[in-house]
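These notes are about the structure you will find just below.
Numbering (full-length UniProt numbering), first residue to last: 1 to 176.
Set out below in structure tokens:
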């Protein structure tokens, strides 16, 4: 599944054949939207559930196409799970799933106020085992996560995009 243009790129669409009735319809629609949308309205109310389900489905389908690296021989030093995840993304040039990123944040939060929360994590857990754990979790999230579940989480968190990686590797084979 390849995108014609990245999300961040602006695409201008114009119609040269707009009739006056189309223009009137647009004016009425804009007026209705202005009455409906207020500036204090939460972002998640502005995004329809159907729209979010479509986004989540497209995201999940894309993530299923990204192969899990099979040759992992590097020992990556790390002090936190999120730090290890960031190093993995950089080393392998591919994103980690939204759910994996959330998982890493939760694992880091579990360490707060423990006796060894100031000790670098790679002295507690061997880096190879930690990386293997992330890839196992990643495989589960890529292959077995429901786009409906992801959409639910995204609708509940207006900042969900902070955990969606902006890395889009070139896929070798785009057929399933």
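Glycine is no exception: its CB is placed at the ideal position from the N, C-alpha and C atoms.
Ends of the alpha helix (DSSP H) at residue i?
| i | result |
| --- | --- |
| residue 120 | Premise fails: residue 120 is in no alpha helix (DSSP H) and is neither H nor E. |
| residue 89 | 81 to 92 |
| residue 105 | 98 to 110 |
| residue 149 | 147 to 156 |
Please state whether the Cβ-Cβ distance between residue i and residue j is less than 9 Å.
| i | j | result |
| --- | --- | --- |
| residue 164 | residue 115 | no |
| residue 47 | residue 147 | no |
| residue 65 | residue 171 | yes |
| residue 63 | residue 81 | no |
| residue 76 | residue 91 | yes |
| residue 132 | residue 122 | no |
| residue 139 | residue 88 | no |
| residue 169 | residue 94 | yes |
Reducing DSSP to helix, strand and coil, say where residue i ends up.
| i | result |
| --- | --- |
| residue 127 | helix |
| residue 66 | coil |
| residue 172 | coil |
| residue 15 | Any reading at residue 15 is ruled out, since the residue's pLDDT is 43, under 50, leaving its predicted position unreliable. |
| residue 159 | coil |
| residue 165 | coil |
| residue 143 | helix |
| residue 47 | coil |
| residue 133 | helix |
Which whole-angstrom value describes the C-beta separation of residue i and residue j, a residue pair presumed to lie in contact below a C-beta threshold of 8 Å?
| i | j | result |
| --- | --- | --- |
| residue 99 | residue 141 | 4 Å |
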